[in-house]
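Reviewing the structure listed below.
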Amino acid sequence: MRLELTNTSVVASPSGRSNLNQRVQRLDRQMRKLQADLRRNECASNPCRNGGTCIDLFAKYQCICPENWEGVSCEIDVNECVKIASTEDRCQNGGTCINTPGGFHCVCPPHYFGLHCAAKNFSCSAASDRELCGHGTCREQAGSYVCVCDEGWTNGERGSCDKDIDECASKVPVCSLAPPVQCINTPGSFKCGPCAPGYTGNGLYCVDIDECLVNNGGCSMTPYVECTNTLGYRRCGPCPPGWVGDDGTSCRQGVTGCAINNGGCHPLATCTEVSDSVRSRIQCTRHGR
95 MRLELTNTSV VASPSGRSNL NQRVQRLDRQ MRKLQADLRR NECASNPCRN
145 GGTCIDLFAK YQCICPENWE GVSCEIDVNE CVKIASTEDR CQNGGTCINT
195 PGGFHCVCPP HYFGLHCAAK NFSCSAASDR ELCGHGTCRE QAGSYVCVCD
245 EGWTNGERGS CDKDIDECAS KVPVCSLAPP VQCINTPGSF KCGPCAPGYT
295 GNGLYCVDID ECLVNNGGCS MTPYVECTNT LGYRRCGPCP PGWVGDDGTS
345 CRQGVTGCAI NNGGCHPLAT CTEVSDSVRS RIQCTRHGR
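Going by the working numbering, the letters in the sequence shown line up with residues 95 to 383, in that order.
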């Protein structure tokens, strides 16, 4: 069998070109959406509640919740009374467990006390610091004892250090004020949200990023346009004389246009200003005699 090749030219039909353009445009829209999804920080709005830690994922987020909270956004309180019912941490000696948001406490019968109603003597030797004071240290006192609370905790109604201090409710802000950063209370502590775009830091303190130090801040390099750093952003100067552009990020060569002296064309010719992404030029069209 012999295969013969001949010179053949293939010309796309107008409908074929139209379909191809539509497919290219659709692909371009999909790529732009994908890029936008990749750039979006799903944790920017601090969706995790009650001290949860946000993990930014593609088009979604995941919350790592403290042990006393659960749910997609750590919005559901764990019922510790159910959780500890069959463990050594349950309320002992007939104590009644009361579930509270983010915790629990035991109501002890007469002659019993402590975090789990396990102690019977009013002495630090009756039980461990954790049992007697929770988040604190037991100190002997005449005929009794007192709990010295760890940082971030205070004494509740029963004297043990089981009440969390809400640092975010303090009159003195603990996170950055300029720019403002959200304060998130956590059991025994707190954490600050991320610094605003254009700033860097740990949330306690935020420092402005000088965008102009990298690639001229996105301002035009050819021709050179001055970049001015501002708090949280940057500002591009105007395009230099002979160049035109909207915001200084890109400039193209400018011309006087057809309004002046017919753009330099013959008075009887038609002047047309032709522009592309790089430069503008004058096109003169001569008419028939």
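Ideal Cβ positions, reconstructed from N, Cα and C, are used throughout, including at glycine.
- Using a Cβ-Cβ distance cut-off of 8 Å, the region 182-190 and the region 151-164 are not in contact, since fewer than three pairs of beta carbons, one from each stretch, lie closer than that value.
- The region 272-286 makes no contact with the region 210-223, as fewer than three CB pairs between them are under 8 Å.
- A straight line joining the alpha-carbon of Asp-244 with that of Ile-259 spans about 11 Å.
- In this structure, Cys-232 is the residue among Tyr-206, His-205, Leu-151 and Cys-232 with its C-alpha nearest to the C-alpha of Cys-218.
- If you check the CB distance, Tyr-293 and Pro-273 come in under 8 Å.
- One thing to note: Ile-278 has its Cβ within 8 Å of the Cβ of Asn-140.
- About 4 Å separates the beta carbon of Cys-378 from that of Cys-359, a gap short enough to meet the 8 Å contact definition.
- With a cutoff of 8 Å on beta-carbon distance, Pro-334 and Pro-317 are scored as near each other.
- Around Cys-352, the same chain offers Cys-365 and Glu-367 as residues with beta carbons nearer than 6 Å, after the five sequence neighbours per side are excluded.
- A distance below 8 Å separates the beta carbons of Cys-227 and Cys-255.
- Beta-bridge pairing by DSSP links Asn-279 to Phe-284.
- Proximity to Trp-247 across Cys-241, Tyr-239, Lys-265 and Lys-257 peaks at Lys-257, based on C-alpha coordinates.
- Here Cys-159 really is in contact with Gly-146; their C-beta atoms are around 5 Å apart, less than 8 Å.
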